[in-house]
Structure formats: structure tokens, C-alpha cells
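>
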Amino acid sequence: MLRLRFKTREGRLDLGETRQVWRRFGAYARAHVGSLALAFLAAIGAVATQIAAPWPIKVIFDDVLIGGQRGSGLKALFDSLGATPTDIVGFVCGAILLIAIFDAVFCYFRDVLMATVGQQVVGKIRQDLFAHLQTLPPAVFERRKTGALLARLTGDIQMLRQMLVNALVTFGQGALTIVAMLSAMFWLNPPLALLALAATPISMWTSWRISRQIRVATSKQREKESEVAAIAHDVLGAMAVVQAFNRETIEQRRFSRQNRSTVRAGVKTTRLESRLDRTIALASAAALCLILYFGVRSVLTGVMTAGDLLVFLSYLRSVHKPMRNLAKLTSQLAKSTACGQRVGELFALQPAVCNAPDAVPLPPLAGEIAFDNVTFGYDPQQPVLHGVALHVAPGERVAIIGRTGAGKSTLIKLLLRFYDPLEGRVLVDGRDVRDVTTESLRRQIGWVHQDTVLFGMSILDNITLGRPDASLELVRAVAARVRADEFIERLPLGYDTVLGQGGVTLSGGQRQRLALARALLREPRILLLDEPATGLDALTRRVVEESWMSPANKATTLVICHRFDGMERFDRVVFLADGRIRALGTHAELLRTQPEYAALVAAGTDGAGLRIAESIAS
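If you read the sequence shown in this note's numbering, its first letter stands for residue 5, the second for the next number, and so on.
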């Protein structure tokens with residue numbers, strides 16, 4: 005298959021790249037083919053008015069101002085009607101006004117239809133990308149900067165509008181305008197028309213050459229803009245830390261350094277676009293000079309009238325505008341291709357898990373959990389869990405301990421089916437989680453992440469996140485259970501208080517209690533708590549722990565712990581080390597039989613305790 009490639013100092017552009025982007029996103033535009041067809045019809049009407057625009061002026065020159073020549077073709081009609089020069093001028097003014105009205109109407113409907121379709125296409129792509137991103141595993145977002153993702157979700161998608169909507173109508177109208185005007189120019193004076201075409205190859209060659217450089221420059225510019233957005237997102241989201249550590253100047257320098265790089269990239273892109281526009285303008289000016297010289301000679305020799313030359317020159321000036329627009333269109337397509345490739349990269353990311361074709365909804369759970377010889381690694385070549393076998397009875401409370409990187413949080417992610425194991429099975433009530441729909445599985449699980457996540461909406465909306473139909477009475481009861489009602493009721497708007505992004509207006513303990521209330525409101529059969537007491541003071545920690553240790557909690561509960569006070573309240577303790585279960589039993593049993601565990605308890609924290617345990621073992 006023949007593929008057109010163009011080599012430049014800055015890279016290679018394959019026209020197939022633009023076709024690939026169109027194949028990926030063209031369906032969004034085809035869904036609005038009716039509106040685009042109407043926009044194109046309006047564009048055809050606008051072309052017709054452009055073709056008609058100079059002819060009334062020809063009448064003025066040939067039949068009123070100069071006369072004595074061949075005239076406009078309407079001279080005989082005017083003479084038969086006995087029209088005076090003033091009457092002819094009035095007729096011409098009316099024709100000019102009528103053409104302008106039709107042109108305004110056609111252009112208005114063209115622009116409105118294109119803008120409407122463009123916004124709908126952009127909105128649909130953005131909606132689909134956002135939905136797709138939500139199917140991806142958490143690791144995708146841990147590896148990528150939020151600011152970079154936001155740049156693709158907003159600015160890059162907006163640039164696709166040029167290719168999918170504007171380019172279709174702009175190219176169609178431009179091509180039709182060029183054909184119509186060149187046809188009229190050949191009809192008026194073929195030799196002059198051929199001379200006018202001399203600038204076309206230069207314009208086309210320049211457009212293709214510079215547009216390739218623009219695509220590369222735009223891609224680099226968008227990458228640098230993403231970096232700026234990522235830095236701003238990080239700093240603005242952690243302003244308290246920045247100010248507390250006196251990093252304002254340092255962060256300002258970091259932002260300024262990246263911002264200057266972005267500015268340079270933007271200037272380079274603009275310079276290339278300006279070079280393209282000016283080169284074509286110079287070629288047009290050169291053609292105009294030649295046409296003016298030979299055109300005046302044609303008028304003086306009687307080959308054409310002054311009005312004919314005026315119309316010809318008007319078309320010459322006008323035909324170079326769509327030519328420049330088409331040249332700019334190649335630049336815009338180059339930029340859209342670069343942005344479309346960046347958006348397409350996100351769409352190409354595949355979910356780590358998906359429902360099997362024969363997956364069934366999970367019936368109400370009793371709460372039994374089993375890890376059947378589970379091996380898993382985010383990188384298959386480097387497993388973080390090795391042959392983990394664990395059975396948890398319904399209603400049992402189990403603590404999971406181990407140093408950072410032992411695989412504690414990974415167990416929870418497998419149970420939530422963010423990932424599937426490389427080997428073995430994860431079972432709930434004897435069912436492999438791969439055999440049931442993820443929605444029905446997660447609906448019966450309550451999860452509190454180690455980094456409390458709250459959204460910039462009301463407290464009520466945050467608590468009912470997983471159960472939006474819950475009544476206010478039920479919400480109040482759950483909030484009272486975790487002692488969150490105490491501070492909520494003191495707020496001026498109570499449960500209607502809108503939180504800052506991430507719940508920054510609340511203390512750590514208050515955020516943690518809201519997260520627990522959100523998990524408990526679902527009345528889950530399985531409750532997963534990932535270091536829920538980290539960073540809390542002793543009093544708040546006891547309040548939080550009581551919410552899942554109390555008899556009111558009937559759910560099977562797995563708690564990842566970094567502290568060891570209160571371990572005796574758990575039914576069993578799982579000690580993970582190097583991705584394997586090192587020990588399993590009650591707190592008292594492990595104290596008696598596992599020196600490492602005893603060292604952990606003596607140290608009070610898992611990290612320091614493990615270092616002591618390793619020194620004891622050696």
C-alpha cells in the first residue's frame with residue numbers, strides 16, 4: 005500500500021497518521037451528518053454570494069463610469085428600459101445589498117451549525133474518554149500526572165474539533181470557491197487565469213512542508229503545557245505543605261522554568277504558522293502584480309473591459325483567501341493529528357479487568373472470603389504476592405500487618421477486582437470473583453482507602469456516594485455511629501455544607517469518619533479498611549476503631565494495620581512478609597510462636613519492628 009511520507013529536520017509525517025486519527029474519531033462526526041450537510045449547503049450558498057459579489061461593480065464601471073465599450077451585458081436591457089445612470093446605480097446598490105443579506109444569512113447558519121456540531125462532538129469525545137478512564141486500573145493514574153491527563157481531556161480534545169468538523173466544511177467550501185472562481189477567471193481571460201495559477205504550486209509545496217514541522221512543534225508544545233498543568237495541580241493541591249516548608253520561591257522557580265519552556269514551544273509553533281501564512285501572502289502578491297500588468301494591457305488592447313479586469317482582480321484576491329485557508333487547514337490538521345494521537349493513546353489503554361461474557365450478578369453475600377494460592381504482580385515478571393492462601397469466615401475480623409511493600413493493599417485491590425491474579429483464585433462465598441459482574445461485587449463491599457478521598461460537594465453527597473437513595477435519617481444514624489454527627493451538627497449548614505476539594509476544610513479525623521460513614525452506609529457484607537487510623541490522635545483513633553469493632557458491625561472485616569495496640573480484639577492476625585503469609589493466628593498465638601511478631605508488637609510499629617525482627621532472626 006502506497007503511503008505518503010515527508011521528511012523534515014524535525015521528524016517524519018505520514019499522511020496515514022491523519023487517516024488513523026480520522027478512523028478512530030470520525031464516527032463522532034458521522035453521527036451529525038445531517039447537520040453537517042446543512043452546514044455545507046449553507047457554505048455553498050456563501051460561495052454563490054462570493055461569486056456574485058463583484059459583478060454589480062462591473063456594471064457601474066462598464067455601463068455608467070466608462071461606457072463606449074462592450075459593456076456589462078446588461079447595457080441593452082438598461083437602454084430598452086430607458087434607465088438613466090442614476091437608475092443603474094440604484095439597481096446596483098440594491099443588488100449589492102441583496103447579495104450581502106444572502107451572504108450574511110448563509111454564513112450565519114453555516115457558523116452556527118458548525119459550532120453546534122463541534123461542541124457536541126467535543127463533548128461526546130470528552131464524555132467517552134472520561135468514562136473510559138474510569139474503567140482503567142488505579143495503577144494507570146498512579147503512573148501518570150493528573151495535570152497531563154487533564155490537558156488531554158480538555159485542550160487536546162478541543163483541538164480535534166478542527167479535524168472532525170471544521171475541516172470538512174472549510175475544505176469543501178474552500179475547494180468549491182477555488183473551482184468556481186478559477187472557472188470564472190478562465191471564462192473571462194484564459195491566459196491571465198493560467199498566469200494566476202503560477203503561485204499555486206508554491207503555495208501547496210510550502211503548505212505541506214511547513215505543516216509537517218507544525219505538527220511536531222504542536223506535539224511538543226502540548227506535552228510542555230501538560231507539564232505546566234501537572235506542576236500547578238501538585239502545588240495548588242498541597243499549598244499548605246508548600247507554605248509550611250517555605251517552598252514558595254522554589255516552586256515558583258520550578259513553575260517558571262517549565263512555563264518558559266512552554267512559552268518557547270508556543271512561540272515556535274506560532275512562528276511556523278506565521279511563516280506559512282506570509283509565504284503564501286507573498287506568492288499571492290507576486291501573482292497580483294503580474295496579473296495587474298498584463299490585465300491592464302488586455303484592457304488597453306480591447307481584449308477585456310475594465311469591469312472584466314475588476315472582476316478578475318476581485319476573484320484573484322478572493323481565490324487566494326481560500327487557498328490560504330486551505331494552507332492553514334493543513335497546519336490545523338497537523339496540530340489536530342498530534343492532539344488526536346495523544347487522546348487516542350488514552351483510549352488505547354485497556355482495562356485490567358472486564359466482565360466475562362457469562363458473568364452473572366452476585367447474590368447477597370454471607371461474607372466468606374478466600375484467597376486460593378494467589379500469585380500476582382503489577383509487572384508479571386516481578387510478583388508481589390506468592391501463593392497466598394487465606395480463608396476468612398463470614399463476620400470474622402482479621403488484621404493484616406507487614407512492612408511497606410509486603411502486599412497488604414494488593415490483597416484488598418484483588419478482592420475489589422481492580423486486578424485479576426496471575427495464578428490462583430479470589431473467592432467470595434465460594435464464587436470466583438471473575439465469574440460475577442464487578443458492579444454487583446463492589447456493591448456489597450465497603451472500602452476505606454488509606455488516603456481519605458472526599459469530593460468537593462456537600463457532606464451529605466459525600467456520605468451517600470455509594471448509596472445515593474439513602475434517607476437522611478439513615479445517614480444521620482450512620483454518622484452518629486462513627487461519631488461524625490458531633491462536628492457535622494456544629495457546621496452552619498450541617499449536612500448541606502459543601503466541602504473544599506479533597507475535604508481540606510476538615511481535620512484528618514473528621515475526614516476519616518466521613519469516609520467510614522460512607523463505607524458503612526452501604527451496609528456491606530465485606531468491609532475493607534486500609535490503614536484507617538493512620539495519622540489520627542489516640543482519642544479519634546479509638547472512636548474510629550469502635551465503628552468497626554462494635555457488635556453493630558456484622559460485616560466480614562479486613563483491616564490493614566500499622567499499629568499493634570488493640571490487636572487482641574481481632575479474631576485473627578495475618579502477618580505478610582515478602583508477598584507471603586509468614587504467620588496466621590490470634591494475637592496471643594502469634595506472640596507465643598512468632599518471635600518476629602513479638603518484636604513488632606514490642607516496637608509498636610511495623611517498619612521499626614521488622615528491622616528489629618530481622619536483627620533477631622540473623
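Ideal placement from N, C-alpha and C gives every residue a C-beta, glycine not left out.
Could you say which of V378, D433, E400, L157 lies nearest to K417 if we only look at CA atoms?
The residue with the shortest Cα to Cα distance from K417 is V378.
> Could you check the C-alpha separation between I48 and R148 for me, to the nearest Å?
The alpha-carbon atoms of I48 and R148 are separated by roughly 46 Å.
> Can the beta-carbon of A521 be found closer than 8 Å to that of A488?
Yes, the pair counts as a contact, with Cβ atoms nearer than the cut-off.
> For the candidate residues L562, R517, L415, whose alpha-carbon lies nearest to that of P528?
Ranking the options by Cα distance to P528, first place goes to L562.
> Can you confirm whether the segment 346-363 touches the segment 384-402 when touching is taken to mean that 3 or more C-beta pairs between the two stretches lie within less than 8 Å?
Output reads no: the segment 346-363 does not touch the segment 384-402.
> Any idea if K558 is buried or exposed, counting beta-carbon neighbours within 10 angstroms, 16 or more meaning buried?
The residue in question, K558, is exposed, as its Cβ has fewer than 16 Cβ neighbours within 10 Å.
> Does the distance from the CB of R485 to the CB of L524 come in under 8 Å?
Result yes, Cβ atoms of R485 and L524 sit closer than 8 Å.
> Do S462 and Y499 have their beta-carbon atoms positioned less than 8 Å apart in this structure?
The answer is yes: Cβ separation under 8 Å.
> Considering only C-alpha positions, which residue in the set R515, S444, D424, K62 is nearest to N466?
N466 has its Cα closest to that of R515, out of R515, S444, D424, K62.
> Would you kindly report the start and end of the unbroken beta strand (DSSP E) that includes V577?
Counting along the chain, the beta strand (DSSP E) containing V577 begins and ends at 576-581.
> Our contact map puts Q448 next to I530 with C-beta atoms below 8 Å; I'd like the distance itself, whole angstroms only.
The pair is a contact, with the Cβ atoms about 7 Å apart (cut-off 8 Å).
> Run through the DSSP bridge pairs and tell me what H395 is partnered with.
Partner(s): A374.
> Looking only at C-alpha atoms, which of Y423, V437, T341, R494 sits nearest to L366?
If we check each option's Cα against that of L366, V437 comes out closest.
> Name the two residues that bound the continuous beta strand (DSSP E) containing T560.
Element bounds for T560: 560-564.
> Run through the DSSP bridge pairs and tell me what F145 is partnered with.
F145 pairs with nothing; no bridge assigned.
> Excluding five sequence neighbours on each side, which residues of the same chain lie with their C-beta closer than 6 Å to the C-beta of V25?
Cβ within range, chain order: T341, G344.
> For S444, which residues from the same chain have a beta carbon less than 7 Å from its beta carbon, with the 5 sequence-adjacent residues on both sides left out?
P365, L366.
> Quick one: which unbroken alpha helix (DSSP H) runs of 4-plus residues sit fully inside the segment 495-540? Chain order, please.
Correct list: 512-525.
> What are the boundary residues of the beta strand (DSSP E) that includes I70?
That residue, I70, is in no beta strand (DSSP E); it is neither H nor E in DSSP.
> Check each candidate in R23, L594, C293, V388 and name the one with the smallest Cα separation from A200.
Answer by Cα proximity: C293.
> Could you pull out every residue in the same chain whose Cβ sits closer than 6 Å to the Cβ of H36, ignoring the five residues on either side in sequence?
Result list for H36: V121, in chain order.
> From the DSSP output, in three-state form, read off L1 for me.
Residue 1 is absent from the model: the chain starts at 5 and stops at 622.
> Quick check: the segment 262-272 against the segment 289-308, are at least 3 beta-carbon pairs closer than 8 Å?
No, they do not touch.
> What is the residue span of the beta strand (DSSP E) that A587 lies within?
Its beta strand (DSSP E) spans residues 584-589.
> Can you name the residues that DSSP bridges to L389?
According to DSSP, which records beta bridges pairwise, L389 is partnered with F380.
> Could you give the residue range of the alpha helix (DSSP H) that holds A57?
It is not in any alpha helix (DSSP H) - A57 carries neither H nor E in the DSSP assignment.
> With C-beta atoms as the reference, is L533 less than 8 Å away from L419?
Contact flag unset, no.
> Is S462 helix, strand or coil when you go by DSSP?
Strand.
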